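K.L.:
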Amino acid sequence: MNNFMDHDFLLDSELARVLYHNYASAMPIIDYHCHMSPEDIARDKKFENITQVWLAADHYKWRAMRSCGVSERLITGDADDYEKFEAFVECMPCLIGNPIYHWSHLELKRYFGYEGVICPDNCEEIWNVTKKVLSEGLSTRKIIERSNVKLLCTTDDPADSLEYHIALREDKSFSPVVLPAFRPDKSLNIDAAGFADYIQHLGEVAGVKIDTFEKLCEVLASRIEYFACLGCRTSDHSFDNEVVFDGTLFEEQVKKVAGAAFKRAISGNEVPADAVSAYKNALIRFLGKEYVKHGFVMQIHFGAMRNTNSVMFKKLGPDRGYDTISGKNSTAALGAMLDALNSDSALPRTVLYSLNPADNEQIADLAGCFQYASEESEGLMGLPNVVQGAAWWFNDHLSGMKDHFRSYANSAAFGKFLGMLTDSRSALSYTRHEYFRRALCSFIAGFVERGEYPLDIEALAQMVCDICYNNTKDFFGFKLI
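Position one of the sequence shown corresponds to residue 11 (my numbering), numbered consecutively onward.
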């Protein structure tokens, strides 16, 4: 029997232990997709207690608490910080098999030096230990630095001023690189509530009245240019429930329909479904060309049913743990989108993420159809052009990672995998990289243990280091020492 979360946690063979302890554990982190606040990093946000840094914005933990029947008052309500922490601790013994159980213990070990078990008997002790460490200066920046993060990309709207990115760029006291990522979802979602207000706001930021589709494209191009000047190397798109793209429409067709649809939307009128599809088709074609022009990587997330509990959405708003996995399949529409961009020489390097694990093999296979989309991308020898991203959100637990590893290895070059990202608002989430790397080393070592790959330590170590760090650096073109 193994000891609980000891030095060799998740490392199920001697080779796995060698690969992790000698290679993976020492690799820096590039977090190419997260939702951390650049303002919190720039201002080096401090925390008074563990609840503020641990529970304040973590929908993973909120969902775990709800699964234990905890009152919403003790999750997002008006209970005091200790009451909320105590309620979470009382849930922990029930969370066997849940990644929150492992992540939470890793967070206490790595950032607070606490080696005990999270349980009601230790609640007060953990509260006091963590409060002392936080009072001694464990701030947002300290957590990032202690995590060996070399670079992270936040998620930023085209209308954002990026003032905190500018401040971080000029601050030589903080060595990790913090870059913006271009997230134009609000300009794409013509059928969403508040679209007209958003377009007006974007125009005010740009100093231009956006009254036509062509003017919107001009403004977005100028914002992409602005983001690029501040080091941006990636865009990010969330298509939520399903990818919407009609591959039967030609570019000139969709531009015409998109123009009329845009006029209707900014006037406050409903846009027909076919016009919504044409609008998104036209805009993603335009954005693809801009991304290629600036060398951006395009990330596409899809398969999330948002705000499924309408009562709680009205009460708490979005991103409060009431999203789930969509059962709709987007492979055909996604394939049509990639093909249209490819045909226009507008397919940038692309990362695909589906929230539905049933899509894993389809997405890995689809990516294989667009590995080298143009002469320009062929100049990036050794880099595939379209890849499947890491197991995302509801799938970044141990079995989800292993299933993803298997389907990826079955369909593509696993040694070119981009590795882990946090997709989190909490700096403490960097222990997820440790969790991922331990699982990765056991997975790779398993091929050798079963006689399916030679015992070549040099080749295996290189693969581990590439997946943990080098592949991401090269794929996104990050300039790091």
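For every residue, glycine included, the Cβ atom is placed at its ideal position computed from N, Cα and C. No experiment lies behind these values; they were computed from the predicted model shown.
(1) So what does Leu29 bridge to, in DSSP terms?
(2) Just to confirm before moving on: does the CB-CB distance between Phe404 and Ile335 stay below 8 Å?
(3) Return the first residue and the last residue of the beta strand (DSSP E) that His43 is part of.
(4) Going by other Cβ atoms of all chains shown within 10 Å of its Cβ, with 16 needed for buried, is Ser340 buried or exposed?
(5) Taking the beta carbon of Leu531 as the centre, do at least 16 other beta carbons fall within 10 Å, making it buried, or is it exposed?
(6) For Val267 and Gly87, I'd like the C-alpha separation in whole angstroms.
(7) Quick check for students: name the residue ranges of the beta strand (DSSP E) that lie wholly in the stretch 377-454, counting only runs of 3 or more.
(8) Applying the 10 Å Cβ sphere with the 16-neighbour rule, what's the burial state of Pro464?
(9) What separation, rounded to the nearest whole angstrom, lies between the Cα atoms of Leu178 and Ile209?
(10) Which runs of the beta strand (DSSP E), 3 residues or longer, sit entirely within the stretch 223-291?
(11) For the beta strand (DSSP E) that contains Thr360, what are its first and last residues?
(12) Report all residues from its chain with a CB closer than 7 Å to the CB of Tyr42; omit the five preceding and five following residues, and keep chain order.
(13) Under 7 Å Cβ to Cβ from Tyr70, same chain only, skipping five residues before and after it: list those, please.
(14) Please list, in chain order, all residues of the same chain as Glu300 whose beta carbon is under 8 Å from its beta carbon, the five residues on each side excluded.
(15) Identify, in the order they occur along the chain, each residue of the same chain with its Cβ nearer than 7 Å to the Cβ of Ala535, setting aside the five sequence neighbours on each side.
(16) Based on DSSP bridge pairs, tell me the residues matched to Cys163.
(17) Just the Cα atoms here: how many angstroms apart are Arg73 and Ser355?
(18) I want to know whether the stretch 122-133 touches the stretch 161-175 - three or more CB-CB distances under 8 Å.
(19) Return the residue from the list Glu146, His17, Leu25 and Trp113 that minimises the CA-CA distance to Lys56.
(20) Are the beta-carbon atoms belonging to Gly399 and Leu428 less than 8 Å from one another?
(21) Which same chain residues, not among the five before or five after Ala238, have their C-beta less than 6 Å away from its C-beta?
(22) Between the Cα of Ser452 and those of Phe14, His31 and Met11, spot the shortest distance and give me the residue it belongs to.
(23) Rank Ala36, Asp333, Ala455 and Glu173 by C-alpha distance to the C-alpha of Asn319 and give the top, closest one.
(24) Should the stretch 110-122 be regarded as contacting the stretch 368-379, the criterion being three or more beta carbon pairs within less than 8 Å?
(25) Taking Cβ positions, are Ala275 and Phe205 nearer each other than 8 Å?
(26) If you drop the 5 nearest sequence neighbours on each side, which residues of the same chain put their C-beta closer than 7 Å to that of Met37?
(27) Could you check what DSSP says for Met473 in three-state terms: helix, strand or coil?
(28) Suppose the cutoff is 6 Å on Cβ atoms and the five residues either side in sequence are ignored; what does the same chain contact list for Phe241 look like?
(29) Would you mind giving the Cβ-Cβ distance between Ala343 and Val253, rounded to the nearest angstrom? I have them listed as a contact below 8 Å.
(30) What is the DSSP secondary structure of Ile8, reduced to helix, strand or coil?
(31) By Cβ distance below 7 Å, which residues in the same chain neighbour Lys518 in space, the five residues on each side in sequence not counted?
(32) I need the boundaries of the alpha helix (DSSP H) containing Phe312, first residue and last residue.
P.N.:
Once the coordinates are examined:
(1) Within the sequence shown, the letter at position 19 stands for residue 29. Leu29 is not bridged to any residue.
(2) Here residue 404 corresponds to residue number 394 of the sequence shown, with the count starting at 1. Here residue 335 corresponds to residue number 325 of the sequence shown, with the count starting at 1. Closer than 8 Å, so yes.
(3) By one-based count along the sequence shown, residue 43 stands at place 33. Looking at the DSSP string, His43 is not in any beta strand (DSSP E), and its letter there is neither H nor E.
(4) Position 330 of the sequence shown, counted from the first residue, corresponds to residue 340. Flag for Ser340 reads buried.
(5) With the chain represented from 11 up to 491, any question about residue 531 goes unanswered, as that position is not in the structure.
(6) Numbered from its first residue, the sequence shown carries residue 267 at position 257. Numbered from its first residue, the sequence shown carries residue 87 at position 77. Straight-line Cα distance between these residues: approximately 46 Å.
(7) 396-398
(8) Position 454 of the sequence shown holds residue 464. Exposed, because fewer than 16 other Cβ atoms sit within 10 Å of the Cβ of Pro464.
(9) One-based indexing of the sequence shown puts residue 178 at position 168. One-based indexing of the sequence shown puts residue 209 at position 199. Taking the straight line joining both Cα atoms gives about 28 Å.
(10) 244-248
(11) Taking the sequence shown and counting its residues from 1, one reaches residue 360 at position 350. Where Thr360 is concerned, the enclosing beta strand (DSSP E) stretches over Thr360 to Ser364.
(12) Along the sequence shown, read from residue 1 onward, the residue named residue 42 stands at position 32. Result list for Tyr42: Cys163, Thr244, Leu431, Thr482 and Phe486, in chain order.
(13) Residue 70 sits at position 60 when you count from the first residue of the sequence shown. The answer, listed in chain order, is Ile110.
(14) To locate residue 300, count along the sequence shown from 1; it is residue 290. The residues are Leu230, Ala231, Ile234 and Phe306.
(15) Lying before the first or after the last residue shown, residue 535 is absent from the chain, which here runs from 11 to 491.
(16) Taking the sequence shown and counting its residues from 1, the one referred to as residue 163 is at position 153. Paired residues: Leu189.
(17) Sequence index remark: in the sequence shown, residue 73 carries index 63 (1-based). Sequence index remark: in the sequence shown, residue 355 carries index 345 (1-based). The straight-line gap from Cα to Cα measures roughly 43 Å.
(18) no
(19) Position 46 of the sequence shown, counted from the first residue, corresponds to residue 56. When each option's Cα is compared against that of Lys56, the closest is Glu146.
(20) For the purposes of this step, residue 399 is identified with residue 389 of the sequence shown, where counting begins at 1. For the purposes of this step, residue 428 is identified with residue 418 of the sequence shown, where counting begins at 1. Cβ atoms of Gly399 and Leu428: closer than 8 Å.
(21) To locate residue 238, count along the sequence shown from 1; it is residue 228. For Ala238, where only same-chain residues beyond five positions count, the Cβ hits under 6 Å are His304.
(22) Within the sequence shown, residue 452 is the residue found at index 442, counting from 1. Nearest option by C-alpha distance: His31.
(23) In the sequence shown, counting from the first residue as 1, residue 319 sits at position 309. Considering only alpha carbons, the answer is Asp333.
(24) no
(25) Position 265 of the sequence shown, counted from the start, is the residue given in the question as residue 275. Position 195 of the sequence shown, counted from the start, is the residue given in the question as residue 205. Contact: yes.
(26) Reading the sequence shown from its first residue, position 27 is the one you call residue 37. So the list reads Cys475, Cys478 and Tyr479, once near-sequence residues are dropped.
(27) Here residue 473 refers to the residue found at position 463 of the sequence shown. Of the three classes helix, strand and coil, the one that applies to Met473 here is helix, per DSSP.
(28) Locating residue 241 in the sequence shown gives position 231, counting from the first residue. The sequence shown places Gly at residue 241, not Phe. Cβ neighbours of Gly241 beyond the five flanking positions: Leu189.
(29) On the sequence shown, residue 343 is found 333 positions in, with the first residue counted as 1. On the sequence shown, residue 253 is found 243 positions in, with the first residue counted as 1. Rounded, the Cβ-Cβ distance is 4 Å, consistent with contact.
(30) Outside the displayed span of the chain (11 to 491) sits residue 8, for which this structure offers no information.
(31) There is no way to answer for residue 518, as the model of the chain reaches only from 11 to 491.
(32) Locating residue 312 in the sequence shown gives position 302, where the first residue counts as 1. Counting along the chain, Phe312 falls outside any alpha helix (DSSP H), though it belongs to the beta strand (DSSP E) covering Val307 to Phe312.
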